[in-house]
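Visitor: For the working numbering, count along the sequence shown from 1 and bump the result up by 8. Dropping the structure in here first, questions after.
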Amino acid sequence: MANLSKEEIIEAVKQMSVIELNDLVKAIEEEFGVTAAAPVAGGAATPAEEEETAKGPTEVTLVLKGLAEGASKVKVIKAVQAITGLGLVDAKKLVDNVPSNIKEKISPAEAEGHKATLVESGAEVEIK
């Protein structure tokens, strides 16, 4: 096996799409029995963190509203499948029955990342 430098790995990651990165993270989690979730820090929050928390919701819902004009339904189904971890049939049902909640009770940052993936695939998405 070739030894890759950190720089080579970073360059390879830079060239991946969001869906490919999601698949890579899942594969690493399964291979090594770890999770990519950020650790929860114990202790008091700083005033800046408290202010940021007070600005907006801590949990949101990602809602699929429909397909953009001329969008490929197959790409949207595959994106929903990658985000939710559902099977192909269940992901198709979500896409067919819009508006539908794709993910509930997720962080706003995670919702924005998933929204970008779905919009890139041709979906119309809303964060509630």
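For every residue, glycine included, the Cβ atom is placed at its ideal position computed from N, Cα and C. This structure is a prediction, so every number in the text was calculated from the model and none was measured.
Within its chain, find whatever has a CB closer than 8 Å to the CB of Ala-87; leave out the 5 residues flanking it on each side and keep chain order.
Guide: To locate residue 87, count along the sequence shown from 1; it is residue 79. Closer than 8 Å at the Cβ level, and outside the excluded window around Ala-87, lie Ile-27, Thr-125, Leu-126, Glu-128, Ser-129 and Ala-131.
Visitor: Give a yes or no on whether the C-beta atoms belonging to Pro-116 and Val-71 are separated by under 8 Å.
Guide: Against the sequence shown, residue 116 aligns to sequence position 108. Against the sequence shown, residue 71 aligns to sequence position 63. Their beta carbons are not under 8 Å apart, which means Pro-116 does not touch Val-71 by this criterion.
Visitor: Rounded to whole angstroms, what is the Cα-Cα separation between Asp-98 and Ala-90?
Guide: Here the question's residue 98 lines up with position 90 in the sequence shown. Here the question's residue 90 lines up with position 82 in the sequence shown. Each residue's Cα considered, the two are about 12 Å apart.
Visitor: Does the beta-carbon of Leu-102 have 16 or more other beta-carbons within 10 angstroms, so that it is buried, or is it exposed?
Guide: As a first step, residue 102 must be located in the sequence shown, where it is residue number 94. Buried.
Visitor: Based on DSSP bridge pairs, tell me the residues matched to Lys-111.
Guide: As a first step, residue 111 is located in the sequence shown; it is residue number 103 there, counting from the start. Per DSSP, Leu-70.
Visitor: Is Ala-76 helix, strand or coil by DSSP?
Guide: Translated into positions along the sequence shown, residue 76 becomes position 68. It is coil, neither helix nor strand.
Visitor: At the level of alpha carbons, what is the spacing between Ile-110 and Gln-23?
Guide: One-based indexing of the sequence shown puts residue 110 at position 102. One-based indexing of the sequence shown puts residue 23 at position 15. Those two C-alpha atoms are separated by around 27 Å.
Visitor: Name the two residues that bound the continuous alpha helix (DSSP H) containing Val-133.
Guide: Within the sequence shown, the letter at position 125 stands for residue 133. Val-133 -> not in any alpha helix (DSSP H); beta strand (DSSP E) instead, spanning 131-135.
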